[in-house]
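Each protein sequence line maps, in turn, to chains B and G.
Counting in the numbering used here, the first sequence runs from 1 upward without gaps.
Counting in the numbering used here, the second sequence runs from 261 upward without gaps.
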Amino acid sequence: MVTQTTMVFTAGGMVAMLLWLTALVLYAREALCPKVTPAQFISTEILSRAGMLLAAAGWGAYAMTTWPQPSWRLILLPPLALIALLVKMGLARRGGVLLLVLCLYGYAVTAYGTALATLWVGNTEPAPDLTIASLLAATRDAVAGAASGTCIAYGAFLLITRRCRPEEHPDPLLAERLGEGMVRVALIAATLALGTAAWRTWSMWGEVARIDVTTLFITWSFLMAASLRQMTTGMVLTRTVNTLVLLSLASLIIMVIAVP
Amino acid sequence: MGRLHPLNHPSPVGEGHTEAPAEDRAQARLPEAPDLLGFLWRTLNNSHFTLVLLIWLSAIIGLSYIIPQPPYSLDDPLAYSQWVASIPQFLWPLVEDLRAFGLFQLRTSAWLRLPLALLLIHALVMLYRGVPVAWKRTRMHHVSPGLINDAYEVPPALGRQLGLALGRTEAPGQVFRRVMEQLAQQGFNVFSVERAYAGLAWRWHASWWAFCSVYAGLAFLAVGLLLHSWLAQASVLTLQPGQSVSAPARKPLTLQMEAADIVGNPIDPREGVVRLRIEGVSHTSKEVALPLHTGQIVEGMWWTVVNIVPMVKVTASDAHSGEELRLWSFAPAASAQYPYARLSLLGEGNTSFASLPTQNITLRVGRATSQDAPPGHFVLSFFRGVETTPAWVTTLGNGDEVVFEGVRYQVSISYDVQLRIQEDWWWAVAALGWLTVAVGSILLTIRRPVWLVVRAMDAGGYCRLTTWVDTLAPQTPQLDWLRTLGSSFTAEKE
Numbered sequence: 001m002v003t004q005t006t007m008v009f010t011a012g013g014m015v016a017m018l019l020w021l022t023a024l025v026l027y028a029r030e031a032l033c034p035k036v037t038p039a040q041f042i043s044t045e046i047l048s049r050a051g052m053l054l055a056a057a058g059w060g061a062y063a064m065t066t067w068p069q070p071s072w073r074l075i076l077l078p079p080l081a082l083i084a085l086l087v088k089m090g091l092a093r094r095g096g097v098l099l100l101v102l103c104l105y106g107y108a109v110t111a112y113g114t115a116l117a118t119l120w121v122g123n124t125e126p127a128p129d130l131t132i133a134s135l136l137a138a139t140r141d142a143v144a145g146a147a148s149g150t151c152i153a154y155g156a157f158l159l160i161t162r163r164c165r166p167e168e169h170p171d172p173l174l175a176e177r178l179g180e181g182m183v184r185v186a187l188i189a190a191t192l193a194l195g196t197a198a199w200r201t202w203s204m205w206g207e208v209a210r211i212d213v214t215t216l217f218i219t220w221s222f223l224m225a226a227s228l229r230q231m232t233t234g235m236v237l238t239r240t241v242n243t244l245v246l247l248s249l250a251s252l253i254i255m256v257i258a259v260p
Numbered sequence: 261m262g263r264l265h266p267l268n269h270p271s272p273v274g275e276g277h278t279e280a281p282a283e284d285r286a287q288a289r290l291p292e293a294p295d296l297l298g299f300l301w302r303t304l305n306n307s308h309f310t311l312v313l314l315i316w317l318s319a320i321i322g323l324s325y326i327i328p329q330p331p332y333s334l335d336d337p338l339a340y341s342q343w344v345a346s347i348p349q350f351l352w353p354l355v356e357d358l359r360a361f362g363l364f365q366l367r368t369s370a371w372l373r374l375p376l377a378l379l380l381i382h383a384l385v386m387l388y389r390g391v392p393v394a395w396k397r398t399r400m401h402h403v404s405p406g407l408i409n410d411a412y413e414v415p416p417a418l419g420r421q422l423g424l425a426l427g428r429t430e431a432p433g434q435v436f437r438r439v440m441e442q443l444a445q446q447g448f449n450v451f452s453v454e455r456a457y458a459g460l461a462w463r464w465h466a467s468w469w470a471f472c473s474v475y476a477g478l479a480f481l482a483v484g485l486l487l488h489s490w491l492a493q494a495s496v497l498t499l500q501p502g503q504s505v506s507a508p509a510r511k512p513l514t515l516q517m518e519a520a521d522i523v524g525n526p527i528d529p530r531e532g533v534v535r536l537r538i539e540g541v542s543h544t545s546k547e548v549a550l551p552l553h554t555g556q557i558v559e560g561m562w563w564t565v566v567n568i569v570p571m572v573k574v575t576a577s578d579a580h581s582g583e584e585l586r587l588w589s590f591a592p593a594a595s596a597q598y599p600y601a602r603l604s605l606l607g608e609g610n611t612s613f614a615s616l617p618t619q620n621i622t623l624r625v626g627r628a629t630s631q632d633a634p635p636g637h638f639v640l641s642f643f644r645g646v647e648t649t650p651a652w653v654t655t656l657g658n659g660d661e662v663v664f665e666g667v668r669y670q671v672s673i674s675y676d677v678q679l680r681i682q683e684d685w686w687w688a689v690a691a692l693g694w695l696t697v698a699v700g701s702i703l704l705t706i707r708r709p710v711w712l713v714v715r716a717m718d719a720g721g722y723c724r725l726t727t728w729v730d731t732l733a734p735q736t737p738q739l740d741w742l743r744t745l746g747s748s749f750t751a752e753k754e
């Protein structure tokens with residue numbers, strides 16, 4: 001039974017992530033490109049909702065059959081992904097906040113992806129008792145997920161900005177505003193994640209030279225450098241900034257896979 | 261402050277603008293300096309150098325996880341040969357060359373210390389430039405006389421500087437007042453010196469301090485990490501029950517573990533408190549309680565119990581006569597002075613094995629893999645001679661006894677404690693520095709500052725309106741909007 005639900009969770013989760021990524025790209029296209037057909041608009045919503053349904057069903061079945069055994073990443077992160085998408089839907093009905101919506105989509109993908117990666121690498125140790133250390137680890141993962149989600153949204157956003165010209169849009173500065181905003185969000189999230197990880201490792205082991213702190217420090221350095229570059233040159237979507245953001249995404253993915 | 265030489269002069273109804281890069285401003289300060297020194301100063305005074313150093317640091321830290329870094333010094337020939345033996349054979353010809361470049365000791369090598377030293381110098385240079393400017397901007401009433409009287413003086417800048425000169429056909433006083441009104445309507449705080457037609461406008465000027473605090477924090481971070489990697493003294497001690505250990509601290513201390521109180525499963529300690537007796541030079545002793553994974557300051561040092569390792573103490577005696585029999589642990593470091601064996605439940609190397617030579621029996625302890633085993637229980641396996649299949653396996657708990665082939669074995673659980681002692685406090689300087697950078701960068705991310713200097717002057721029949729902008733916000737203020745400043749059409753529209 002556990003094997004079957006794990007398969008449903010894994011396969012359903014992967015499909016859901018693909019649907020969300022497609023919806024994210026379509027959403028960015030709707031926002032940035034002037035010519036959007038109603039069919040595109042509807043397909044974004046359908047993809048989001050279908051992904052949510054699959055993700056909720058897969059995770060629900062897995063959690064019910066393994067409770068209370070699943071690791072805390074598997075308990076915590078998928079619901080956070082679903083909550084992020086529910087918040088996104090609420091925002092969309094109220095007219096929407098473009099930057100926030102893109103970040104929430106990215107967060108849903110990375111939060112769910114982290115849970116799946118945990119399962120793939122076999123890190124399914126049962127959730128520990130509620131201690132300060134476990135709370136700090138949960139906070140670190142939740143906030144690092146926000147940073148990596150924003151970086152993924154940035155990647156999707158770059159795909160769109162290359163395909164449709166921002167100057168064709170009624171607001172030519174929109175792409176730049178979004179690009180700068182995403183770097184800001186990612187930097188704040190990476191700073192908080194690094195602070196939490198460093199505090200945890202120092203209090204637990206009396207040192208910070210651990211893989212999670214190191215990868216988050218590298219991420220933070222890249223994002224800090226990208227943000228400084230944007231601030232001091234005034235140029236937002238440059239090759240340097242894009243490279244730095246994508247490098248920080250790579251280091252965050254390493255953290256998700258390598259850190260127990 | 262420099263002079264406004266490169267700014268294009270506007271026609272009565274036209275405009276001219278320029279961006280003065282930081283290099284130009286820096287060069288203006290050291291006009292007499294030789295080229296090399298000038299280049300050095302410009303480099304250290306350029307915020308792009310921060311980017312280079314951050315990437316350099318990240319690359320070295322990342323490499324230190326890719327290239328194996330032995331935890332001990334490779335100067336010891338024995339340690340060096342053991343370490344070389346542990347790496348793949350095809351790498352052996354390269355080892356000496358790579359070692360000469362310090363690639364196996366990256367965290368204590370010049371590869372890391374050089375960017376840290378450069379970061380420290382760079383941060384101090386940036387602070388030297390930034391703090392006076394931020395201070396003047398905080399004290400708004402303190403407007404430089406040069407800024408008012410000299411229409412061509414370039415105000416100092418910390419971020420991206422933009423200069424814009426516009427020509428207006430109306431009187432300077434009228435244009436100036438309209439510009440200040442427009443700025444106030446756009447949410448800027450304004451300060452005017454009417455008699456000179458000079459004014460200041462700003463948003464979130466406190467964020468200039470956040471910008472300075474980023475560099476102050478980077479300086480602290482660099483100095484903390486530099487001195488920590490150079491002077492830090494940290495040691496990890498293994499404490500066993502009943503043994504006294506000398507702590508390699510500046511003050512000679514003798515430590516003795518009194519007890520380890522475990523919460524939860526006794527063979528899987530996730531929580532617990534270790535009680536230690538500390539004896540100083542003057543034979544004054546005191547007891548401290550150190551919870552697992554919770555650092556605290558003891559004797560002016562940072563102490564952390566990093567691990568509590570469950571050990572199984574096994575004693576053997578003749579089942580009939582009660583005579584104690586000597587057990588020998590397989591671990592080479594295990595003390596031979598006790599007749600009993602303390603075996604590890606971690607299953608690393610030979611630490612789980614002991615032998616009873618008189619009976620030609622080998623014992624091994626291990627974790628119970630069966631789901632039915634009660635919590636806190638482990639397995640004890642008995643091997644005859646050189647057989648690899650156990651003759652008997654039994655599940656036992658703390659204090660249990662078992663008899664096998666005429667020998668009574670008694671088992672009890674005790675704990676080894678790994679204690680990390682950090683003597684120096686440079687890590688606290690680094691932590692303070694990083695915290696300052698974090699707070700500064702978050703504030704700067706939320707509120708990006710904008711600073712404007714506006715001057716209007718009569719230029720022979722028309723008004724010359726000069727606007728200098730210093731900003732860290734890429735889209736604020738927009739150039740198109742700046743171009744409309746002082747225009748009566750825009751004012752009416754708004």
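Virtual Cβ for every residue (Gly too), placed ideally from N, Cα, C.
It should be emphasised that the depicted structure is a prediction, and the values quoted were computed from it without experimental measurement.
- DSSP places cysteine 103 (chain B) inside the alpha helix (DSSP H), whose first and last residues are 98–120.
- Here DSSP, grouped into helix, strand and coil, assigns arginine 210 (chain B) to coil.
- Nearest in C-alpha terms to alanine 138 (chain B), of all of B:Met64, B:Arg163, B:Val259, is B:Val259.
- Residue environment: tryptophan 202 (chain B) is assigned as buried (16 or more neighbouring CB atoms within 10 Å of its CB, all protein chains considered).
- The Cβ of glycine 532 (chain G) sits no closer than 7 Å to any Cβ of chain B.
- Per DSSP, the unbroken alpha helix (DSSP H) holding phenylalanine 299 (chain G) starts and ends at 295–304.
- If you compare the alpha carbons of B:Val97, B:Leu82, B:Thr191 with that of leucine 252 (chain B), the shortest gap goes to B:Thr191.
- According to the DSSP secondary-structure assignment, phenylalanine 642 (chain G) is paired through a beta bridge with G:Leu623, G:Trp652.
- Among the residues facing chain B, threonine 629 (chain G) is not included, as its CB has no counterpart in that chain under 7 Å away.
- Boundaries of the alpha helix (DSSP H) harbouring tyrosine 154 (chain B): 132–163, taken from the DSSP string.
- Ranked by Cα distance from threonine 5 (chain B), the options B:Trp59, B:Leu53, B:Ile46 are led by B:Trp59.
- Only those residues of the segment 222–238 of chain B whose C-beta falls short of 9 Å from the nearest C-beta of chain G are listed: Phe222, Met224, Ala225, Ala226, Ser227, Leu228, Arg229, Gln230, Met231, Thr232, Thr233, Gly234, Met235, Val236.
- Contact check for tyrosine 388 (chain G) against alanine 716 (chain G) fails: the beta carbons are separated by 7 Å or more.
- Closest by C-alpha distance to alanine 691 (chain G), out of B:Leu77, B:Ser71, B:Val208, is B:Val208.
- Within the DSSP secondary-structure output, threonine 564 (chain G) pairs in a beta bridge with G:Arg680.
- In the three-state DSSP reduction, proline 353 (chain G) falls in the helix class (H, G or I).
- Contact between the segment 643–658 of chain G and the segment 694–703 of chain G is absent, with fewer than three C-beta pairs closer than 8 Å.
- Residue contact with chain G for glycine 122 (chain B): absent (no Cβ-Cβ distance below 7 Å to any residue of chain G).
- The segment 414–423 of chain G makes no contact with the segment 433–442 of chain G; the number of CB pairs closer than 8 Å stays below 3.
- DSSP places cysteine 472 (chain G) inside the alpha helix (DSSP H), whose first and last residues are 467–491.
- For glutamine 365 (chain G), there is no enclosing alpha helix (DSSP H), as DSSP marks it with neither H nor E.
- When the Cα atoms are used, tyrosine 475 (chain G) and isoleucine 538 (chain G) turn out to be separated by approximately 42 Å.
- In the three-state reduction of the DSSP assignment, tryptophan 464 (chain G) falls in the coil class.
- For methionine 204 (chain B), a Cβ of chain G is located within less than 7 Å of the residue's own Cβ.
- The distance from the Cβ of isoleucine 254 (chain B) to that of threonine 215 (chain B) is about 6 Å, consistent with a contact at the 8 Å cut-off.
- A distance below 6 Å between beta-carbons, with the five flanking residues on each side excluded, links leucine 102 (chain B) to the following residues of its chain, in chain order: Ala153.
- When secondary structure is reduced to three states using DSSP, phenylalanine 448 (chain G) falls in the coil class, being assigned neither helix nor strand.
- Within chain B, the residues placing a beta-carbon under 8 Å from that of arginine 680 (chain G) are Trp205, Gly206, Glu207, ordered along the chain.
- Between the segment 7–24 of chain B and the segment 40–57 of chain B there are three or more inter-stretch CB-CB distances shorter than 8 Å, so the stretches are counted as touching.
- Under the 7 Å criterion on CB atoms, glutamate 180 (chain B) is classed as interfacial with respect to chain G.
- Put simply, the backbone Cα of leucine 372 (chain G) is about 19 Å away from that of aspartate 212 (chain B).
- Among the CB atoms of chain G, one or more fall inside 7 Å of the CB of isoleucine 188 (chain B).
- About 4 Å separates the beta carbons of alanine 482 (chain G) and leucine 379 (chain G), which is inside the 8 Å limit, making them a contact pair.
- Distance from the CA atom of glutamine 445 (chain G) to the CA atom of glycine 555 (chain G), rounded to whole angstroms, is 54 Å.
- In the DSSP annotation of this structure, isoleucine 347 (chain G) is not part of any beta strand (DSSP E), being labelled neither H nor E.
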